[in-house]
Amino acid sequence: MASFSYLALNRKREKVSGMIEAADRRGAMSALAAQGLQALSLREAAGKVAGAKARGGAKAVKTGPAKAGSGSSFWSLSVGGTKRMKPAEVLLFTSELADLIDAGMTLGAALNSLANQGEPTSGICAVSADLRDRIMRGEAFSDAVDAHPKTFPAIYGNMVRAGEASGAMVEVLRRLAEHYERNQSMKSKVISALTYPAIVLGMGVVAVIFAMVKIVPQFTSLFASMGKELPLPTRILIGMSDGLTKYGILYALGLVAGIVLLHKWIHGSGRLAWDGFKLKVPLVRGLIASGTFASLAYTLQTLLANGVNVLNALRIAEETSGNAVIGAELRKARERVTDGTTISGPLAQSGIFPRLMTDMMALGEQTGNLPTALGHIGKRYEAELNQNIRNFTTALEPILIFLVAGVVGFVAIAILSAVFSATSAMGQ
């Protein structure tokens, strides 16, 4: 038997502390729960304590409702609105929380366990501690989640709220974990598809800059000593090299300023135009559209299967769509329907969503099993995303080779044409 020191809340919401003996940590948690205590902190003692002391009653250390930020350093951990979790961390947090609750822990104890894992300043620990503190103050878990909008999107809070109402919190958390896992998988596929061309383009740009700054100037002095008018490609190459050598810093500053302005425009007034442009660009539009449609279908399926009404589901899908054009059409569809009516008709009228997608949704509505139909739609467009990724990588390789060959060929022609011109002049 091991001894554990604990800090817990009793039925009067008073903080109490004491010692308890159990075979392991889980047994200690169960023993505390049997006494009507909600564990906040549970630490294994350095050694065993004897009978009465180990099994002694809980000693009240503070009366009245527990307040966040009071008591020990354990209790004082708070995110202060500065900590957040990344999507991958939310996936891990959700999976572990579901496992802990399914193992018999109370929600507060499970959050406390997550708050004590790893570094106290990490995202998972800090957010878990704040969620625990809010629950200890009497807030609902869904309200506590809504207090962290940068970590938990609207879909998370609504799903948790549905789990609280139905009493199926573990099932809801597992579906949320599956949702995050699918989204992470799709994002990682797109990122991996773009990594190779990004590396090739980056190396190509570095090679061209190096040639313009270091290699071409050496030929410039040689060509100048010939005293003969150089061919047009050579003059263009020398002019580009001189400009890059003399004004390279200004070009770099201008490029950075352009990127910053473009970023602000994309995330501001130009968001709709930019997202519409991405849906029209060859090769890219397949990736964007299929990925967005798959994510949309899975989001709606997850929400509707857990009792979220149609209007709220469309609102959340609009907020999480990731594309302003598709989000705008979802908003229009939400305005054209009332709670409980079909959504396939308004989506079909938009002209943005594929006919296959809206027809499958209509069939699901007719059979009364829309979530299942949305699951099939998600799988269909996820498979299409995989095919589009293969098409993208297959087509991009020859395009990159053509671009690199064009740049290298231009430099070679510019230099060789000057050499041939000088050789022919010497032979006359």
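With my numbering applied, the sequence shown closes on residue 1205, and no number is skipped along the way. All C-beta atoms, glycine included, are put in the ideal place defined by N, C-alpha and C.
Anticipated Cβ contact below 8 Å, residue i with residue j, distance rounded
i, j, result
"Leu888", "Leu908", "5 Å"
"Thr1170", "Tyr973", "7 Å"
"Ile1192", "Phe996", "6 Å"
"Ala1110", "Ser1127", "7 Å"
"Phe781", "Ala799", "6 Å"
Distance between residue j and residue i (C-alpha atoms, nearest Å)
i, j, result
"Val1184", "Thr1022", "18 Å"
"Pro926", "Tyr933", "10 Å"
"Met862", "Gln961", "14 Å"
"Leu1107", "Gln1078", "15 Å"
"Gly1141", "Thr1149", "7 Å"
"Phe1070", "Ala906", "36 Å"
"Ile797", "Ile1093", "46 Å"
"Ala843", "Leu1151", "With a pLDDT of only 39 at Ala843, under the threshold of 50, the placement of this residue in the model should not be trusted; the figure read from the coordinates follows. Approximately 44 Å, taken between the alpha carbons."
"Leu1073", "Ser1098", "6 Å"
"Val922", "Gly881", "21 Å"
"Val949", "Gly804", "26 Å"
"Pro1131", "Glu958", "25 Å"
"Val967", "Leu1064", "8 Å"
"Tyr783", "Leu814", "10 Å"
"Asn1083", "Leu1162", "26 Å"
"Asn787", "Leu1091", "42 Å"
"Ala779", "Glu821", "7 Å"
"Ile1026", "Glu1174", "31 Å"
"Gly1145", "Lys860", "42 Å"
"Val1037", "Trp1051", "15 Å"
Residue i - partner residues in DSSP beta bridges
i, result
"Met946", "DSSP output for Met946 lists no bridge partner at all."
"Leu1147", "Partner(s): none; Leu1147 has no beta bridge."
"Phe781", "Ile797, Glu821"
Residue i and residue j closer than 8 Å at C-beta
i, j, result
"Ala954", "Thr871", "yes"
"Asn935", "Val1085", "yes"
"Ser1067", "Asn1165", "yes"
"Ala1101", "Arg1048", "yes"
"Glu1112", "Gly1104", "no"
"Val1196", "Ala988", "no"
"Val977", "Leu1177", "yes"
"Thr883", "Ala810", "yes"
"Ala931", "Arg911", "no"
"Leu1147", "Thr1135", "no"
"Ile878", "Met946", "yes"
"Pro994", "Ser1198", "no"
"Gly981", "Val1181", "yes"
"Ala865", "Met806", "no"
"Pro1010", "Ser1201", "no"
"Val904", "Ser919", "no"
"Gly1155", "Tyr1028", "no"
"Glu1159", "Met963", "yes"
"Leu891", "Glu873", "yes"
"Val1087", "Val1058", "no"
Residue i at chain D interface by Cβ criterion, 8 Å
i, result
"Met862", "The structure shown has no chain D; it contains just one protein chain."
Identify every run of the alpha helix (DSSP H) within the stretch 905-980, keeping only runs that are complete inside it and at least 4 residues long; order them along the chain.
If one requires a minimum length of 4 residues, the alpha helix (DSSP H) runs lying completely within the stretch 905-980 are 918-923, 931-943, in chain order.
Output the residue ranges of the beta strand (DSSP E) runs that lie fully inside the stretch 989-1052 and measure 3 residues or longer, sorted by chain position.
Segments of the beta strand (DSSP E) lying fully in the stretch 989-1052: there are none.
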